[in-house]
Every structure is written in C-alpha cells, then in structure tokens.
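Working notes for the structure below.
Numbering (our numbering), first residue to last: 371 to 717.
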C-alpha cells in the first residue's frame, strides 16, 4: 500500500507545501477581506495562472467523481488566493447532492440549502477558508468546458475569485494519473488569442460542443501539494481511496476508453480522407495558412508576421488523425502497464 501511495504521488508530481505559504492556514480574515475588496483580477481577464490543490481535497474530488460512475457529479472547493503568485490554493472540497446525467449536472434547491448549511457549520467551527471554485466530472471524455459549463462559470465569476475544475474519473482510473483541468472564462466580447490548451481526445459526439466554446475560456496550470497539517486527514482518505481502488475493476473503463479512442480515430480518418478528395480544397499546413492569412497581415514586421501566422494555424484533418492515433496507442500502453502493476501487487 505504501508503494501504491508513493506511485500516486510521483505520477502526479506531489510536492511539500512551501513554508512561505503557511499563511493559508492562518485565521487572518480581515487581511483576506481587504484583498477581496481590492480585487486586482478585475483588470486582467487572465490574471490567475495556477491552481494548487491539497492532497485531501484532491482525493475527495476523485473519490466523488469515481462514485458517480457514468454520471456527472458536482461539488465546491474552498481555499484562498495568492495575488503575488496569481494562484488559487484549494484546501478542501465537498460534494453537492445534485442530479447528474451522462452529460450534465443540475443543481436543485436541495443542493443550495445543503451548501449554505455546510458553509455555516464550517464557519462556526472556526474555518476561515472561502469557496473559490466548483468541480465536476466528465466520465470518459476529457477535461474541458461545455457550453453549459462555460455559462455556469461565467455566472460564478461574478463572485470572483472563482475557478472551474474538471476531472475525468475513467482516465484517472485507467492511467493512475489524475486527469484534471482548471479553467476560467473570458468576459463577454473579449478577443482572446488562439488557445494552446489541448484536452486530449474528445469523442466525436462531444467535439462540436468543445469546438464551439474553446475560445471562451483558458486553462490554468494545476499542481498538487501535501502539508504536515493535513497529514492525518490525508492518511484517512488514502485508506478509502486504496480500498476503492482494490475492489474497483478498471477493465471496463479501459475497454470503454480504447473503444472511444478507436471510434474517434475512425472519425478523424474519414475527415482527413474527405478533405483530401475534396475538389479545390484549401491548401493545408503552414504554407497554406500563410497564403490565407497573408493579405490580412500586410504591414507587419517579419517577427510579428510569424507570430500572427502561428497564432492562426489550425490543425489539419491529417494532423488530427496522427494525434488520435498517438492517443489510442498511449491508452493501450497505459492499460497494459496497469495490468502488469496489478499482477505484481496481486500475483
């Protein structure tokens, strides 16, 4: 069990909490309230760049996402923000009693009442951390924001600081590495630069929803930490996590992921074939993009022109096919490696 825990921490690059961040656990409510009133993030749509999640909070979210199975689940995260490093620190998380489907979660009155009661009880117990985000699961289809997610986050950001976190429990169980993403939306009408975020394989049935809203938000870097203060809770949650991992069969998840990747590969192969056979098709690759974007870039210097072209380069059907093939190969390799690890642990 200790080996499995060490493997989890290594694969997810868990680090000790920086001693300089000990203020996170200090009950200095007045100073933090002043920070919230100053709200420097209002002037910069991409102000926040990082999310650091404590191991107890991470395990709570992963266990909740796993318990949901094929259905989406939702919860809230608590912690504090640091303006010096432009970072969200997630110290705790709790599940909400919501109605989930395979494509969305719906928060009802019961969830709101539960949330208020829970937060009031924590405040009465002396906890001074704040709700700073929400999380939900995407079982088997990666970490990104759908149209509904974008609308939800835009509403939540009116109560800034607020961040959205997405967890894929299927891919987490299949690979042993937590598949997670953190996002913030842009203000309405904001002209965002081309996004470099790649959520991995998006199933064909979800691709349109992903593509329609991919320019409305940006991704934050995600990291994990552990602290001596949280050690007892971390130990307890690990026992639950380990027990759940032992009795949960991942073969169905792995089979579903391989099938999903194979279907997506077939879909992109067809797209590539159709694009190649289309009469008068647009030129592809960087030269084609230069031909299309060149007239709009008249007057730009060489360096600025290069940046302009790179920013507007769209993936071709053939490049997407290659990416899907690589994703399928990685999924199969990870499934084989996981089976080998299980065989060593339980001969």
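Heads up, the beta-carbon is just placed ideally off N, CA and C, and yes, glycines get one too.
Of the residues 583, 561, 598, the one placed nearest residue 553, counting alpha carbons only: 583
Look at residue 460 and residue 427 and say whether their C-beta atoms are less than 8 Å apart. yes
Residue 456 versus 412, 488, 433, 385, residue with shortest Cα-Cα distance: 412
Test item: CB-CB of residue 447 and residue 502 under 8 Å: yes
Which residues mark the beginning and the end of the alpha helix (DSSP H) in which residue 534 is found? Here residue 534 belongs to no alpha helix (DSSP H); instead the beta strand (DSSP E) covers 533 to 537.
Residues sharing a beta bridge with residue 507, DSSP: 537
When DSSP builds the beta bridges, which residues end up paired with residue 386? 596
Between residue 416 and residue 398, what straight-line distance do the alpha-carbon atoms span, to the nearest angstrom? 27 Å
Cβ shell of residue 526 (< 6 Å), same chain only, five flanking positions each side left out: Only 532 meet the Cβ criterion.
Can you name the start and end residues of the alpha helix (DSSP H) that residue 401 belongs to? Per DSSP, residue 401 belongs to the alpha helix (DSSP H) from 399 to 408.
DSSP beta-bridge partners of residue 589: 553
Reducing DSSP to helix, strand and coil, say where residue 548 ends up. coil
Please list, in chain order, all residues of the same chain as residue 384 whose beta carbon is under 7 Å from its beta carbon, the five residues on each side excluded. 425, 594, 595, 596
Beta bridge counterpart(s) of residue 457 as assigned by DSSP: 420, 452
Given a threshold of 16 other Cβ atoms within 10 Å of its Cβ, counted over all protein chains shown, does residue 499 qualify as buried or as exposed? buried
Please list the terminal residues of the continuous alpha helix (DSSP H) segment that includes residue 521. 517 to 526
Between residue 536 and the rest of its own chain, which residues show a CB-CB distance below 6 Å, the 5 nearest in sequence each way excluded? 508, 513, 551
Given this structure, state the Cα-to-Cα distance separating residue 549 from residue 387, to the nearest angstrom. The alpha-carbon atoms of residue 549 and residue 387 are separated by roughly 21 Å.
For the alpha helix (DSSP H) containing residue 488, list its first residue and its last residue. 479 to 494
By how many angstroms is the C-alpha of residue 586 removed from the C-alpha of residue 489? 30 Å
Using CA atoms only, rank isn't needed, just tell me which of 603, 598, 609 is closest to residue 389. Nearest in C-alpha terms to residue 389, of all of 603, 598, 609, is 598.
Leaving out five residues before and five after residue 650 in sequence, what residues of the same chain have Cβ atoms less than 6 Å from its Cβ? Because residue 650 carries a pLDDT of 43, less than 50, the predicted location of this residue cannot be relied on, and no value is offered for it.
Can you give the Cα-Cα distance for residue 524 and residue 515, rounded to whole angstroms? 11 Å
For residue 520 and residue 555, believed in contact at Cβ under 8 Å, the rounded distance: 6 Å
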